[in-house]
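Note sheet for the following structure.
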Amino acid sequence: MRGKVTRDRIIQEALKLFQEKGISETSMADLERAAGVSKGALYFHFSSKEDLALAALARARDLFKQFLEEAFAEGPPRKSLRKFLEKIYQKMEEDGFRTGCLFGNTAIEVANRESPIRDFLEETFEDWKEELATVLLQAQNRGCLSEEESPEDLALFIIAALEGALLLSRLKKDGGPLKTVIRVLEALIPLKDGGIS
1 MRGKVTRDRI IQEALKLFQE KGISETSMAD LERAAGVSKG ALYFHFSSKE DLALAALARA
61 RDLFKQFLEE AFAEGPPRKS LRKFLEKIYQ KMEEDGFRTG CLFGNTAIEV ANRESPIRDF
121 LEETFEDWKE ELATVLLQAQ NRGCLSEEES PEDLALFIIA ALEGALLLSR LKKDGGPLKT
181 VIRVLEALIP LKDGGIS
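Sequential numbering of the sequence shown, starting at 1, is according to full-length UniProt numbering.
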């Protein structure tokens with residue numbers, strides 16, 4: 001049990017550091033200090049920084065999936081989308097728009113090299129696209145989204161717009177870009193709250 005607690009603490013502290021500094025700028029010594037563990041304890045749980053980064057990204061992915069499911073769990077589609085977008089804004093605002101999206105930031109770090117992290121991120125973004133597309137398809141089946149719209153294309157558009165807005169908001173340390181993209185997404189995504197029950 002103690003080993004699991006230590007492993008969880010290392011992952012939690014790694015998430016914070018990777019979010020603030022990026023994976024490449026975070027050293028194993030930084031991770032040891034932040035988690036309050038020895039080098040031996042760190043390497044007992046994780047064979048490398050890449051191994052730890054994959055575990056931290058998997059934890060973050062699971063948390064975001066839960067966040068996504070909660071946002072779209074109930075209620076009319078348009079309200080659910082608004083709730084999802086507002087929660088993203090709120091989370092970034094709490095952070096002062098300093099860190100942006102861990103997945104987007106990490107994708108920029110690893111985009112030009114083959115690595116398990118890059119593969120993991122590609123899979124993660126694809127999973128999110130599929131999850132959002134499923135929500136949009138359900139809305140379409142309920143008559144809340146025109147049959148002419150492609151749920152997959154809309155899902156990709158939402159992700160790409162949000163990632164760009166998060167990047168710009170982080171760069172400016174200001175929520176303006178994210179707020180603008182949220183407003184435009186709400187206007188452009190043709191969801192209705194009515195439809196078939």
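We put the beta carbon where it would ideally sit given N, CA and C, even for glycine. Since the model is a prediction, treat every value here as computed from it, not as a measurement.
Self-check item: Within 9 Å, strictly: CB atoms of Gly-96 and Leu-167
Solution: Taking 9 Å as the Cβ cut-off, Gly-96 and Leu-167 do not qualify as a contacting pair.
Quiz item: For Lys-79, which residues of its own chain have a beta-carbon under 7 Å away from its beta-carbon, when the five flanking residues on both sides are left out?
Solution: In its chain, beyond the 5 residues on either side, Asp-193 have a beta carbon closer than 7 Å to the beta carbon of Lys-79.
Quiz item: Fully enclosed by the region 137 to 182, which alpha helix (DSSP H) runs are 4 residues long or longer?
Solution: List check, alpha helix (DSSP H) in window: 151 to 172.
Quiz item: To the nearest angstrom, how far is it from the Cα of Gly-3 to the Cα of Val-37?
Solution: Using only the alpha carbons, I get a separation of about 12 Å.
Quiz prompt | Inter-residue Cα distance where the pair is Lys-21 and Leu-102 | solution = Between Lys-21 and Leu-102, the C-alpha separation is close to 10 Å.
Quiz item: To which residues of the same chain is Glu-152 closer than 6 Å at the C-beta, ignoring the five residues directly before and after it?
Solution: Taking Glu-152 as the centre and dropping the five residues before and after it, the same chain places the C-beta of Ala-133 closer than 6 Å to its C-beta, in chain order.
Quiz item: Roughly how many angstroms separate the alpha carbons of Ala-29 and Ala-58, rounded to a whole number?
Solution: If you take the alpha carbons of Ala-29 and Ala-58, they lie about 22 Å apart.
Quiz item: Nearest to Glu-147 by CA position, among Leu-191, Gln-12, Asp-174 and Thr-6, is which residue?
Solution: Among Leu-191, Gln-12, Asp-174 and Thr-6, the Cα nearest to that of Glu-147 is on Leu-191.
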